[in-house]
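What follows is one structure encoded as structure tokens, with my remarks underneath.
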Amino acid sequence: MSEPFQLPGINRVPMNAPMTWLARGWQDLWRAPGVCLAYGVGLALISFAVTATLYLTGQFTWFLVMAGGFLIVAPLLGMGLYRAAAMLGEGEAPGLGDMVFPKGVLRADTVLLGVALFVLFGIWAEAAYIIYGLSTYSVHTSVADFLAFLLTTPEGLRMGLIGSAVGGVIAFFAFTLVVVSAPMLLARDSDVFISVITSARSVLANLPVMLFWAFLIAALTALGMALALVGLVIVFPWIGLASWHAYRDLVQHREARAG
């Protein structure tokens with residue numbers, strides 16, 4: 432087998448590894464706060480624009496769908512943050528240009544991974560539409576009506592539980608495919624197929640740890656969204672930087688070629 436197609440080894444990591452990754456990500460965030468927070472501001476503004484559009488067009492019921500979809504596609508949005516973490520690890524100061532246009536991202540392998548994630552997002556959106564349609568005959572056009580249905584009626588509570596379960600399964604499947612493959616593609620250590628296989632192997636070899644890591648990502652993202660999306664300014668860069676350290680700890684690799 433030729434060298435580019437060799438499967439890298441997978442490390443077993445301790446249960447507290449996600450806390451270590453978050454600690455390293457936090458340190459990186461404040462080593463380059465200007466560019467990292469600017470990246471977070473850009474994402475928060477996009478999220479606010481999407482949310483405002485849903486609200487003004489009477490489609491706010493889709494907010495939870497979009498929030499779940501965000502968790503699915505977010506690893507690709509973090510490519511610039513992986514680049515920043517890689518540069519910081521090499522003693523370099525990342526610039527905003529390095530993060531917005533990271534080297535090695537615009538290639539077929541990354542596009543294929545993005546297509547796979549957007550297909551999963553489409554599956555989640557269709558599933559959410561079906562679950563909502565089977566739960567009520569009413570159309571809730573205001574935030575107050577939708578929240579009253581979701582939180583105070585048996586049908587709404589059941590919809591929330593089923594939707595959370597289905598969305599959680601789809602999101603964790605996406606997480607399994609991309610948690611290592613996205614930063615691995617940024618490092619240009621392999622093609623998309625080997626990267627995805629390596630990502631799945633990393634999760635399966637460290638399943639309890641990775642379930643904990645997925646929970647932390649979801650919880651921190653939910654907190655950022657709950658704070659009127661402003662929390663994403665800090666939370667998203669923090670998680671993105673930490674994700675690079677997760678990749679570095681999980682995969683036995685040649686010297687990263689992120690430069």
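Following our numbering, the numbering of the sequence shown begins with 432 at its first residue and continues without gaps. Glycine included, each C-beta is placed from N, C-alpha and C at the ideal position. All of these numbers come straight from a predicted model, not from anything done at the bench.
Within its chain, find whatever has a CB closer than 7 Å to the CB of residue i; leave out the 5 residues flanking it on each side and keep chain order.
i      : result
THR541 : LEU616
GLY465 : none
TRP644 : PRO449 and ALA677
ARG632 : ILE441
GLY500 : PHE552, TRP555 and ALA556
LEU651 : VAL666 and ILE670
ALA657 : none
LEU527 : VAL466 and ALA469
ARG538 : none
VAL661 : ALA475
Would you call the CB atoms of residue i and residue j closer than 8 Å?
i      : j      : result
ALA475 : PRO525 : no
LEU460 : LEU672 : yes
ILE562 : MET590 : yes
LEU543 : VAL610 : no
GLY655 : VAL640 : no
SER621 : THR607 : no
PRO668 : LEU502 : no
PHE479 : LEU551 : no
ALA596 : VAL496 : no
Pull up the CB-CB distance for residue i and residue j, whole angstroms please, since I reckon it's below 8 Å.
i      : j      : result
LEU647 : LEU453 : 7 Å
GLY456 : ILE670 : 7 Å
PRO506 : ALA613 : 4 Å
TRP555 : GLY520 : No, TRP555 and GLY520 are not in contact; Cβ-Cβ is about 34 Å, not under 8 Å.
GLY471 : LEU663 : 6 Å
LEU548 : VAL481 : Not confirmed; about 17 Å, so no contact.
ARG514 : ASN637 : No, ARG514 and ASN637 are not in contact; Cβ-Cβ is about 25 Å, not under 8 Å.
For the alpha helix (DSSP H) containing residue i, name the first residue and the last one.
i      : result
ARG679 : 663-681
ASP459 : 448-462
LEU519 : 510-520
PRO639 : 638-657
LEU617 : 612-617
LEU438 : From DSSP, LEU438 is part of no alpha helix (DSSP H); its letter is neither H nor E.
TYR697 : Because the chain in this structure spans residues 432 to 690, residue 697 falls outside the shown range and cannot be described.
PRO585 : 585-609
Grab me the residues of residue i's own chain with a C-beta within less than 8 Å of its C-beta, minus the 5 sequence neighbours each way, in chain order.
i      : result
GLU586 : SER566, THR567 and PHE580
GLU434 : Unreliable placement is indicated for GLU434, whose pLDDT of 47 sits below 50; the coordinate value is still reported in the next sentence. Excluding residues within five positions, none has a Cβ falling inside 8 Å.
Tell me which same chain residues have a C-beta within less than 6 Å of the C-beta of residue i, skipping the five on either side of it?
i      : result
ALA516 : ASP459, LEU672 and TRP675
ASP529 : ARG514
Check whether the Cβ of residue i lies closer than 8 Å to any Cβ atom in chain E.
i      : result
GLY509 : Here there is only one protein chain, and chain E is not present.
I need the DSSP call for residue i, collapsed to helix, strand or coil.
i      : result
PHE532 : coil
PRO506 : helix
SER478 : helix
VAL444 : coil
VAL526 : The sequence as given places Gly at residue 526; Val does not occur at that position. In the structure shown, GLY526 sits in coil (DSSP, three-state: anything other than H, G, I, E or B).
SER621 : coil
ALA570 : One detail in the question is off: residue 570 reads as Val in this sequence, not Ala. It is coil, neither helix nor strand.
THR484 : helix
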